[in-house]
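Residues in the sequence shown are numbered from 1 upward in steps of one, following our numbering.
Ideal placement from N, C-alpha and C gives every residue a C-beta, glycine not left out.
First comes the structure, then the notes that go with it.
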Amino acid sequence: MLAKILLVCKALGLTFQQIYTHLSLALSPRLHRLTYRSVEHPRNVVVIGASFAGYHAARCLASSLPTGYRVVIIEKNTHLQVTWVLPRFSVVRGHEHKAFIPYGSYLSTVPRGSYEWMRDTAEQILVDDYGRGKVQLRLGEAIDFEYLVIATGASAALPSRVGVTTKREGLELLTVEQDKLAVATDVIVLGGGPAGIELAGDAKSRYPEKNVTLVHSRKSLLNDNFGPTLAKRAFEELVNVGVSVKLEERANVDSIEETGTAKCIGQRPNSALIQALSPKSVSASGHIRVRPTLQLADSTLDRIYAAGDVIELNSIRNARSAFEQARYVANNIVASIRSKKQAEYSYRWWEGATKLTLGLTKTVAYMSDGSAEVSLSMKGKEEMDSSMIWRFFGARPFVDETDKVD
């Protein structure tokens, strides 16, 4: 009990730290505008990928790089795809557009000339003897870089990831998933991670008459990075709403369309660029191996950093940890430019604080510092706080000017 009380006190202290972080996030680009000057031929810090890690790294860099440098963001998608709402929006109709936030507003306050956005796909990284290099793009252009940030994330299909590059295609795929569940008599969810748990609970809440089965290969739900308290809580809540949970089993389903099956397994790190450049910097799982400074494990590539779901990290993966890694990467690149010592990133307990939905109206907030676990029940919203994340990224919920272009 004492350990739980101490954890709650630590969480309250963290609230003040987060307030300071948000104030700093709001003020730093505005203050940087006072000193940063655009130049004709700046040196490039290239960021490949603009999901949560890459987008935040780009903002931090554009708010701190000295005059003479700029950020070049290479992103293949038309919109920021909010991954944690995808299981819900694969079940519930009418909210799917909220999973796609228009790019740009998060960088609206940074100095003019501090970044360039390129919608393209990185095909190859070429590095010279000094660690500098070029990123070859699919559309033919080659971008020089002084420093490079790999934030390419992981790939999967719905309901874990969208798997397509445009909002229009994503909306179509979400509608297909909704239609599958609507007509299926039996719903089978493969994988008992957060996405599988949330989809199973939502499907049973929306369609109580359907048989919903969650199949998971482990002895308990979730993985070892989550504590036993949350796994037990999730199991009990799913059983209470009528989901059949089968542990230590593997399903062999031949036809997803006929059975109403949702696969919540098999996310693949997008590490092919680094695999081709430095095979020893990629682990057996396909994740990019990094040093504590978040530079590649390959010591000959000191100017290349990585952050987010693509890196090897034995911990809970979420936007909170991606943001923290992005901040370290940006700070370390600026430190390197200024010939200062770089900081070492280490995963901290609060980065794993998690919200898990257990049906359409119930959410469990969970945190653990390794010595104690705390879980709190909260009333959930059907849109899963989508408006809040839009506002965080500087966008007006749910206004998308690109819809007029389409």
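Q. Does the Cβ of E257 have 16 or more other Cβ atoms within 10 Å, making it buried, or fewer, making it exposed?
A. To locate residue 257, count along the sequence shown from 1; it is residue 257. Bear in mind that a pLDDT of 49 at E257, under 50, signals an unreliable position, so the model cannot answer this.
(Q) Between Y20, P279, Y347, which has its C-alpha nearest G308's C-alpha? (A) Locating residue 308 in the sequence shown gives position 308, where the first residue counts as 1. Selected option, being the one with the closest Cα: Y347.
(Q) Excluding the 5 residues flanking S56 on each side, which residues of the same chain have their C-beta closer than 6 Å to its C-beta? (A) In the sequence shown, the residue the question calls residue 56 occupies position 56. It is His, not Ser, that sits at residue 56 in the sequence shown. The residues are F323, A326.
Q | Start-end ranges of the alpha helix (DSSP H) lying completely within the region 75-134, minimum 4 residues | A | 86-89
Q) Grouping DSSP H, G and I as helix and E and B as strand, with all else coil, what is E257? A) Here residue 257 is taken as the residue at index 257 of the sequence shown, counted from 1. Unreliable positioning characterises E257 in this predicted model, as indicated by a pLDDT of 49, which lies under 50. The coordinate reading is nonetheless provided below. Of the three classes helix, strand and coil, the one that applies to E257 here is helix, per DSSP.
**Q.** Three-way DSSP call (helix, strand, coil) for A184 in this model
**A.** Working through the sequence shown from its first residue, we reach residue 184 at position 184. Note: A184 maps to coil in three-state DSSP.
Q.
Using a 10 Å radius around the Cβ and a threshold of 16 neighbouring Cβ atoms, would you call G266 buried or exposed?
A. Reading the sequence shown from its first residue, position 266 is the one you call residue 266. By the 10 Å Cβ count, G266 comes out exposed.
Q) Cα separation between A184 and K98? A) Residue mapping note: residue 184 aligns to position 184 of the sequence shown, counting from 1. Residue mapping note: residue 98 aligns to position 98 of the sequence shown, counting from 1. Roughly 25 Å between the two C-alpha positions.
**Q.** Simplified DSSP state of L25, which is helix, strand or coil
**A.** Locating residue 25 in the sequence shown gives position 25, where the first residue counts as 1. L25: helix per DSSP, three-state reduction.
(Q) Distance check for S38 and D369, CA to CA, integer angstroms please. (A) Start at 1 with the first residue of the sequence shown, and residue 369 comes out as number 369. Start at 1 with the first residue of the sequence shown, and residue 38 comes out as number 38. Their Cα atoms are separated by approximately 44 Å.
Q | C-alpha distance - Q408 paired with S90, whole-angstrom precision | A | Here the chain has residues from 1 to 406 only, and residue 408 is not among them.
Q.
Using C-beta distances below 8 Å, list every residue in its chain close to A343, excluding the 5 sequence neighbours before and after it, in chain order.
A. The count along the sequence shown starts at 1 and reaches residue 343 at position 343. Counting only Cβ-Cβ distances below 8 Å, and skipping sequence neighbours, we find T293, Y328, N331, N332, A335.
Q. Are the region 122-134 and the region 183-200 touching, with three or more C-beta to C-beta distances below 8 Å?
A. no
Q. Contact check, S63 vs S28 under 8 Å by CB: the rounded distance?
A. The count along the sequence shown starts at 1 and reaches residue 63 at position 63. The count along the sequence shown starts at 1 and reaches residue 28 at position 28. By a beta-carbon distance limit of 8 Å, S63 contacts S28. Their separation comes to about 4 Å.
Q | Same chain, Cβ closer than 6 Å to S255, neighbours up to 5 away in sequence not counted | A | The count along the sequence shown starts at 1 and reaches residue 255 at position 255. The predicted position of S255 is uncertain, since its pLDDT is 46 and thus under 50; a value taken from the coordinates is nonetheless stated next. The answer is none, since no qualifying residue turns up.
Q) With a CB to CB cut of under 7 Å and the five nearest residues on each side skipped, what residues in its chain are close to R391? A) By one-based count along the sequence shown, residue 391 stands at place 391. Contacts found: P397.
Q | Straight-line gap, K10 to F16 (C-alpha atoms, nearest Å) | A | As a first step, residue 10 is located in the sequence shown; it is residue number 10 there, counting from the start. As a first step, residue 16 is located in the sequence shown; it is residue number 16 there, counting from the start. Their backbone Cα atoms lie some 10 Å apart in a straight line.
Q: Name the residue from K341, K204, T357, Q275 whose alpha carbon lies nearest to the alpha carbon of R233.
A: As a first step, residue 233 is located in the sequence shown; it is residue number 233 there, counting from the start. The alpha carbon of R233 has as its nearest neighbour, out of K341, K204, T357, Q275, the alpha carbon of T357.
Q.
So H79 and P102 are supposed to be a Cβ contact under 8 Å. How far apart are they, rounded?
A. Stepping through the sequence shown from its first residue, residue 79 is reached at position 79. Stepping through the sequence shown from its first residue, residue 102 is reached at position 102. The pair is a contact, with the Cβ atoms about 6 Å apart (cut-off 8 Å).
Q. T152 and N77: beta carbons closer than 8 Å?
A. Residue numbering aside, residue 152 sits at position 152 when the sequence shown is read from its first letter. Residue numbering aside, residue 77 sits at position 77 when the sequence shown is read from its first letter. Contact: no.
(Q) With a threshold of 7 Å on Cβ separation, who are the neighbours of Y106 within its own chain once the five nearest residues in sequence on each side are excluded? (A) Stepping through the sequence shown from its first residue, residue 106 is reached at position 106. Cβ within range, chain order: Y55, R59, F393, G394.
Q. If you compare alpha carbons, which of W350, E373, G163, T166 is closest to S321?
A. Your numbering for residue 321 matches position 321 in the sequence shown. Ranking W350, E373, G163, T166 by Cα distance to S321 puts W350 first.
Q.
Could you tell me the alpha carbon to alpha carbon distance between A262 and D144, rounded to whole angstroms?
A. Along the sequence shown, one-based indexing puts residue 262 at 262. Along the sequence shown, one-based indexing puts residue 144 at 144. Distance between the alpha carbons of A262 and D144 is about 42 Å.
Q) What does Y366 pair with, by DSSP beta-bridge criteria? A) By 1-based counting over the sequence shown, the position of residue 366 is 366. DSSP output for Y366 lists T354, S375 as bridge partner(s).
Q. Can you name the start and end residues of the beta strand (DSSP E) that A276 belongs to?
A. If you number the sequence shown from 1, residue 276 lands on position 276. Run containing A276: none in the beta strand (DSSP E); it sits in the alpha helix (DSSP H), 272-277.
Q. Leaving out five residues before and five after V166 in sequence, what residues of the same chain have Cβ atoms less than 7 Å from its Cβ?
A. In the sequence shown, counting from the first residue as 1, residue 166 sits at position 166. According to the sequence as given, residue 166 is Thr; it is not Val. Here the set comprises T78.
Q: Could you tell me if M388 is buried or exposed, where buried requires 16 or more neighbouring beta carbons within 10 angstroms of its beta carbon?
A: Counting from one through the sequence shown, the residue named residue 388 turns up at place 388. Exposed: under 16 other Cβ atoms inside 10 Å.
Q: Under the assumption that E96 contacts T213 (Cβ atoms under 8 Å), give the Cβ distance between them as a whole number of angstroms.
A: For the purposes of this step, residue 96 is identified with residue 96 of the sequence shown, where counting begins at 1. For the purposes of this step, residue 213 is identified with residue 213 of the sequence shown, where counting begins at 1. In fact, because the Cβ distance is near 25 Å, the residues do not count as touching under 8 Å.
Q. Helix or strand or just coil, what does DSSP make of R391?
A. Indexing the sequence shown from 1 puts residue 391 at position 391. Note: R391 maps to helix in three-state DSSP.
Q: Could you check if R250 is buried or exposed, using at least 16 other CB atoms within 10 Å of its CB as the buried criterion?
A: Taking the first residue of the sequence shown as 1, we reach residue 250 at position 250. R250 counts as exposed, since fewer than 16 other C-beta atoms from the protein chains shown sit within 10 angstroms of its C-beta.
(Q) Is the beta carbon of D298 closer than 8 Å to that of L281? (A) Stepping through the sequence shown from its first residue, residue 281 is reached at position 281. Stepping through the sequence shown from its first residue, residue 298 is reached at position 298. Here residue 281 turns out to be Ser, not Leu, going by the sequence shown. It is a contact, given that the beta carbons lie within the stated cut-off.
**Q.** Reduced DSSP category for R289 - H, G, I as helix; E, B as strand; rest coil
**A.** In the sequence shown, the residue the question calls residue 289 occupies position 289. Coil at R289, not helix or strand.
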